[in-house]
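Take the sequence shown: its position 52, counting from 1, is numbered 51 in our numbering, and each next residue is one higher.
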Amino acid sequence: MPAPARSPQEIRASIEQNRQQLGTSLEKLRLEVGRLTDWRAQLRNHQREIMIGAGVAGFVLGGGVAAIAAIAFGRRQRGSGS
């Protein structure tokens, strides 16, 4: 069944309504993108998680460096003692 014919005035009104809705949607999208990409706010809001992650990363890196040093220096000591 074809859509009922609309008058030019109804078409103009529909276009204007769509234009207003599109403007509102774009403004909401702009605000949401701004909120999600605000890295300073993300740091403020997730400070605890960041500190925990930094501590774990430091522990892992420190342990890795210590393990490499132990292997390197341990081999030298074993090799020089034999």
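No residue lacks a Cβ here, since even glycine has one placed at the ideal position from N, Cα and C.
Item: Terminal residues of the continuous alpha helix (DSSP H) containing R43?; Value: W38 to N44
Item: Roughly how many angstroms lie between the CA atoms of L35 and R43, to the nearest whole one?; Value: 13 Å
Item: Going by DSSP, what residue range makes up the alpha helix (DSSP H) through S13?; Value: P7 to L35
Item: In chain order, what residues of the same chain have a beta carbon less than 6 Å from the beta carbon of K27, not counting five sequence neighbours either side?; Value: none
Item: Going straight from the alpha carbon of G62 to that of A68, what length do you get?; Value: 10 Å
Item: Which value, in whole angstroms, describes the spacing of the CA atoms of I49 and L25?; Value: 32 Å
Item: For F58, which residues of its own chain have a beta-carbon under 7 Å away from its beta-carbon, when the five flanking residues on both sides are left out?; Value: none
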